Every structure is written in C-alpha cells, then in structure tokens.
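Protein chains: 2
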Amino acid sequence: MKAISILGSTGSIGCNTLKVVEHLAGEFRVVALGAGKNMEKLAEQIRRFQPELVAVETEECAEDLLRRISNFKSRIPKIEIGATGLIRVATHEQATTVVSATVGAVGFVPTLRALEAGKRVALANKETLVMAGELMTEAARKNNAEILPVDSEHNALHQCLRGESSGEVRRLILTASGGPFRTKSKDDIENATIEQALNHPTWNMGDKITIDCATLMNKGLEVIEARWLFDFPADEIAVVVHPQSVVHSMIEMIDGSIIAQMGVTDMRHAIQYALTFPLRKSSCLPPLDFAKLSHLTFEEPDLEKFPCLALAYRALKIGGTMPATLNAANEIAVQAFLDSKIRLSDIPKIIESVMNEHESQPATSLEVILETDARARKQAIIKLDKNAAAD
Amino acid sequence: MKAISILGSTGSIGCNTLKVVEHLAGEFRVVALGAGKNMEKLAEQIRRFQPELVAVETEECAEDLLRRISNFKSRIPKIEIGATGLIRVATHEQATTVVSATVGAVGFVPTLRALEAGKRVALANKETLVMAGELMTEAARKNNAEILPVDSEHNALHQCLRGESSGEVRRLILTASGGPFRTKSKDDIENATIEQALNHPTWNMGDKITIDCATLMNKGLEVIEARWLFDFPADEIAVVVHPQSVVHSMIEMIDGSIIAQMGVTDMRHAIQYALTFPLRKSSCLPPLDFAKLSHLTFEEPDLEKFPCLALAYRALKIGGTMPATLNAANEIAVQAFLDSKIRLSDIPKIIESVMNEHESQPATSLEVILETDARARKQAIIKLDKNAAAD
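So the protein sequences, as listed, match chains E and F. If you use this note's numbering, the first sequence closes out at 1118, no skipped numbers anywhere. If you use this note's numbering, the second sequence closes out at 1118, no skipped numbers anywhere.
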C-alpha cells in the first residue's frame, strides 16, 4: 500500500484526492494532511483516513481541531502548525507521493522540499511552477523525484506524450474553454460583474482560478507550467480555444499527427492518473458518452480581448523572475477584483504595469523568488491605490 | 537506406506510397513493384524509382510494358507475371518492408508470404485480415514479422496504443464518417443511385471501398481487422459515427480517459507512419488547422439502417470462416450494385443469405480460406441470379 500526503486536503483538489483514495480501496493510505482553516472538514478527514500527522494554519485552528477529534476512538494524529507544519506534511518520511494542492504561493516551499526529498509530487498548485519552474524541475532532476501534473490540461499532455519521443513533438496544444466572456465584447468584459466572471462554462473550481479562467490568465499560467513540466519553449506551446472542454489538450507530432486526450470534466480523473501512473486503474467516473456529446469546436484565442494570455507569453519569453512577477501581480489584482476594488479589465493593466517596472533576474534561488514575489505584490498594491485614487 | 516492395503500386495507396518515398528522399529505395494492368503508370514508376523487379497481371501487360520501357537509359527491371510474380515482389530478399495495397483477395497469398519471410507489412488490403486474420497474425508472430496498419482508423489506433498497456484499454473506438446516406431515410438508401453511393463525404478512394463506406460494411470489415491487429474481442471494439473524419479513431482506457488521433484526411500520413515507425518523420502534409475546423460531432451508428455493420459483428462473433464468407459475398454484391444489377439495399440481403447457409469452420489453413472464399462467391452469384429472376 502506497503512502500519500496531501497539502491542501480540505480544498477542492484535496477532497477529490481523498475520494480517489477511497475508490482505490487498499491501494493508498493517507499518512499526512495539510489544511488551512476548515477544521470541521479536517476532523472528518482524520476520522475517515487516520493520518499520522496533520498541519493547520494557526494555534487557534489546532485547539479547535483538538476539541473536535479528542473523543475519536481511533488514533489522534500529531498536529503541527503553520509553514513548518506544511513542510513536515510534505516531507513525511513514509509518504512516497505528495499531492500539492494548496492555492497560491503557500505551497511553494513545501512542494520544493517534497521534491528535494525525492517524492513523487502530484502537482495541482500551478503557481509553484510559474514562480519557480527552474528551481522545482532542477530539484526534481537532482533528487530523482517526479512531478505528475494534476491540472487537467497538463495531465492530458502527459498522457498524450506517453510512448512518444519529445524530439518528434512539434508543439503542445493546450485547450482553453475560453471562459464566460469568450463570445462577449470588450465592453462587456470592461463592465463584467463578479458573478458573471465566476460563472465558468464547464469547470467548477475555486474563485481565484475561475477569475483566471475569465481573463485567460489561467491559460497563460498553464503555458508557463507546460514549459517546465515538458521542457518545451514558449513558441512550441500553443493555445486553442475549445469551449466544450472535452478535449483536455493535444500534442502535434512532426508528421502532422495530433494525439489528443479527452474525458469528462472531473478532476478525479487527473488526480487518479497522477497517483497510479505508470499504471491506470479502473475509474469511479462514468466514461465519456459520445452519443451525448454536443458538437466540439475550436478557435484561436483573441489576445486583444484577453491581454493576460499575451502577458504570460511575454513573461515566459523574458524568463527569470518575470513569471513570478506576473503571478504575484495577478494574485493581488484578482483579489482586488473579487473585493470589488477594480474592474475585470483592470487586472491586465495592473499586471503589465508591474511587469514594466520589473527588471528580470535569474530565478535560481528560493530567496530571489520569494523576494520577487513580495516586491511584485507590494508594487501591485501601490498600483491599486493609484487606480483607486484616479477613480 | 531501407528497401521496400509495393503490391498494387499503380493504385491509390501505391501511388501515395511512392509520393511518401519521394518526400522522405534518401530514406527508402523501391526494390519491387507489383501492378495490375496500368502499364503506362507502371512505366512512369519504373523510370522514376528504378526497381529491380516488377510484377504485372498478364503476358500482354508484360509485352506492353517492355515496349514502353525498352528505351529507358536506366536499368530495365526483371518482369514477372501473375500470382507468382506478386509473390516474388512480396518476398524480394532485399525488401524489409512490403506495402500490401492491392484491392480484394489478390493480395492475400503474397501478403502471407511476406509475413512468413519476416518482413514488415504495411497493410492497406483489409480483406487480408478479414479473410485470414488468424493465419496472418500467426504467421507474423512465428516469423517475427510486423503488421503496420495503413487504414487511417487502424493507423490511428496504433498511434493511440503507443505507450499504453493493452490490459488497461477498455475498448477501441473506430470512427466512421457515416457515408453519404447517414442522414438519409431507409427509402432513400433503397433507391440510391450508383452516383449517390459513390459520393463519399470526406475521403476520395476506389469504387469498391466507397460503396462499402455507403453501406457501413467498410466499418464492419475494419472491426474485424481491428480484432486481429490489436487482439481485442468484438465487444471491446466500438464504432462511433463522426461525419467530419477529423478524429481518425480513439481508445478508451479503464480509467475513462480517451486517447484520440486526429489529422488531415490524406492517406500519406498513415503510409508514412507505417514506413517510418517507430520513428516519426516530418510530413509533406499541412498540419490540421484548428481555427479552420468546422465543429466535430459524434453519434451512434444506426444498425437498422445499415445492416452490413451488424452482419460484420455477427461474422466476427461466429468466427472461423464466417468473416471470409461475409467478405466474399460482399465483394460479389458490391460489384453487382456497381454493374446496376441490384439495389444498394440488396447488398446486406445477399450477404446475410450467403452467411445463413454457411457453416463456419476453423480458418486455420490457406486452403480452407480460399475454398470458403470461392464457395461464398459462387453462392452470392446464385443469390444474385435468384434476385434477378424475382424482379
């Protein structure tokens, strides 16, 4: 039985990972869980999966959790706190696979430590590779660790690339749903409400990533992620808009052949694949029903309507600390939009303005990257204040 | 430089194979060509490719050819005649790959001999596997020969299966264009003209196979072919109608994932793949342009409107000599339709009636299969005469 740790166990990917573990009864045991503040859900997970270790965000969380689980008949796990706690979860000695599913930059260091400890990382936290792709992939290479993508697009690419020689791949083709504003005008995007932006056509996800889908920044981050996961340059990673999200991504071979992976839009598929690779196991999900499929369509992305995607390509081509700058500025801008402080169309403006003031340097150490991240966030907040003052 | 032989060099697949050889300049040389009666084209091919050996159908063809090529400055090939000639082409000692692209049963014995000689066979002649799948695959296994499918659907399946373990494949999914009568009524099919039946929506091919596409018998034969190429039982080979022919076929994995191969509808892709496998080489074809793709649709095949497909599944499930019987009766019935002797809807009736009278036996020898083929043709002709008398 393989042992796994989960960073972000009470989030969407974390909960789905536990569903997959339940489905694959007897194949995996859960040794450590890292959660945020949802102690009710974490207590349930402890009852069901009996981990040896859990990490929570604060002392208060730990006290809350203890009250909830102290009367459990089964083993009470060790409880760790904060960033150190997450690192302990990520490096638990028994764990051979670590699911990295926290949102944003918090999973960054724990994920790096898991790779340094030679573990397979099932990676759902895309910021990790966006901020520190070189550092992460270098750590994986040196420590013989694997990164298995849980993002449905990259998971699809991983599947398509099986049995192919990467020198025979002409380009990777990431599919994008196009988000809720695909058919809308620039004006509509300008005046979009939070509710409209959160109304994703095909996937049900958290708020931050759903806004990223609305601006196509999510696809931009995925382009950067793909560059590091599969070692392809920016100009060999294409994006095609495919509103039905049935084709999860594709590769184009030098002989013109396209290999595509398709499936239902449920994260459990990619999670299970990342856990069981190189094997495949029977799924708890229904197969794709071709007779019930609507028509599938494809179109070029509109970089003018969605400047975030172009900004991501630009950051990737500049390289170094520029992608981390893009990512940090985006996180701040998206939160400001969710807090009703800016319009959706202000997001790319703020990012571009932060990028314009950033001078990229090699992103070869944790310190440089974390410093870049902090500085870009500060810069973005300054831009927000200026934006507010101008209104 | 690899040496190849082509059975059926003046046909559509043969000519496309030579285009691929020209495109891959310096990778392949043509050592032997087997043609039918088109001596003008064969003479051109000799001038261009300078094979050592050619086979033609009759003495008269040989004389005609000699007149055409006797003044060539380059080497004049040895000319062989008839069935023996085709076998010499198929077993030419220098050839490592034999492209088997004759139409109908004539390629049957030469293809078997090529496999017995341990050659890679790039197989476009589907009747070979339909009639004698067990014999062919057994010969390949015993002599360490490979069969690489040139049919676009099977070629797609071969590509999808790369890197996958066949025990983890739930089913093969052959796509079918649905032919010119997909959206037509049973009455329309009943009264279809030859011109209507020859009007294939996506592929440009010979008459026999185009009629097979109109009745969906082509897909039925492909199901049988897939059974032998990939060793899957009938109930793990599905057919999905996909009118745009962009997805050439798919596999469904046990974890629910679909791996699909897509591309332009040009046989040169599959031919090149079969020649260069396990390598892929740059193609002379334009890549698939997603921005220009119309929408892709999928639907279940209508077995009531297209009984030929159901008959093929039935023949495959019965096994033994039944598929050879189906194939022979179909060849006779299709020719009768092309000769305006029967209606399109009579084709399945004649086949079913011949199948009903056939008692299947193990198809383990050449003699049994050739005898089955001859008997089924005779039976089909008798049915045709009865059909004519009844009119």
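We put the beta carbon where it would ideally sit given N, CA and C, even for glycine. Please read all numbers here as calculations on a predicted model, not as lab measurements.
Setting aside the 5 residues that flank it on each side, Gly812 of chain F is surrounded in the same chain by Ala782, each with a C-beta closer than 6 Å to its C-beta; the list follows chain order.
With the rule of 3 Cβ pairs closer than 8 Å, the region 879–891 of chain E counts as touching the region 885–900 of chain F. DSSP, reduced to helix, strand and coil, places Lys911 of chain E outside both helices and strands of the structure shown, so it counts as coil. In terms of Cβ geometry, Asp982 of chain E and Gln999 of chain F form a close pair [threshold 8 Å]. Residues of the same chain with a CB within less than 6 Å of the CB of Val967 of chain E, apart from the 5 flanking positions on each side, are Ile900, Thr902, Phe1025 in chain order.
Straight across, the Cα-Cα distance linking Lys1068 of chain F with Ser1010 of chain E is about 52 Å. The beta-carbon distance between Ala872 of chain F and Val848 of chain F, rounded to whole angstroms, is 7 Å. This is short enough to meet the 8 Å contact definition.
Contact between the region 1038–1049 of chain E and the region 1084–1098 of chain E is present: 3 or more CB-CB pairs across the two stretches fall below 8 Å. The beta carbon of Ile986 of chain E falls within 8 Å of a beta carbon belonging to chain F, placing the residue at that interface. No Cβ-Cβ contact shorter than 8 Å links Val1061 of chain F with Ile874 of chain F. In this structure, Met977 of chain E places its C-beta atom within 8 Å of the C-beta atom of Ile986 of chain E. As computed with DSSP, Ser976 of chain F is found in a beta bridge with F:Leu901, F:Gln988. Pairwise C-beta distances place the region 792–799 of chain E in contact with the region 761–773 of chain E, as three or more of them are shorter than 8 Å.
Val857 of chain F has its alpha-carbon roughly 10 Å from the corresponding atom of Phe835 of chain F.
The beta carbon of Pro1014 of chain E sits closer than 8 Å to some beta carbon of chain F. Note that the C-beta distance between Leu1023 of chain F and His927 of chain E is not below 8 Å. In the three-state scheme derived from DSSP, where H, G and I count as helix and E and B as strand, Phe755 of chain F is classed as strand.
Chain F has a Cβ within less than 8 Å of the Cβ of Met989 of chain E. By the Cβ rule, the region 839–853 of chain E does not count as touching the region 910–924 of chain E, because fewer than three pairs are nearer than 8 Å. Under DSSP, the beta-bridge partners assigned to Ile733 of chain E are E:Leu760, E:Val826. Distance check between Leu1043 of chain F and each of F:Pro1013, F:Gln971, F:Asp962 places F:Asp962 closest, using alpha-carbon atoms only. Shown here, Leu1012 of chain F sits in coil according to DSSP, grouped into three states, outside any helix or strand. DSSP places Ile740 of chain F in the helix class (H, G or I) of the three-state scheme. Using a CB distance cut-off of 8 Å, Ser1010 of chain E counts as an interface residue toward chain F. Legend: CB atoms of the region 943–957 of chain E lying less than 7 Å from CB atoms of chain F are not found in any residue.
When Cβ-Cβ separations below 8 Å define contact, Ala1018 of chain E makes contact with chain F. Only Leu1020, His1022, Leu1023, Thr1024, Phe1025, Glu1026, Glu1027 from the region 1019–1053 of chain F bring a Cβ to less than 7 Å from some Cβ of chain E. Of all residues in the region 962–987 of chain E, the ones placed with a Cβ closer than 7 Å to any Cβ belonging to chain F are Val967, Glu979, Met980, Ile981, Asp982, Gly983, Ser984, Ile985, Ile986, Ala987, in chain order.
Between Ala997 of chain E and Asp878 of chain E, the C-beta gap is smaller than 8 Å, which places the two residues in contact.
Assignment of Val877 of chain E by DSSP, reduced to helix, strand and coil, places it in the coil class.
In summary, Thr785 of chain E is exposed, with fewer than 16 beta-carbon neighbours lying within 10 Å of its beta-carbon over all protein chains present.
In the DSSP assignment, the residues bridged to Arg847 of chain F are F:Thr824. Out of F:Ala822, F:Pro837, F:Gly860, F:Lys869, the CA that lies nearest to the CA of Lys846 of chain F is found in F:Ala822. Our two residues, Ser904 of chain F and Glu895 of chain E, have alpha carbons roughly 29 Å apart in a direct line.
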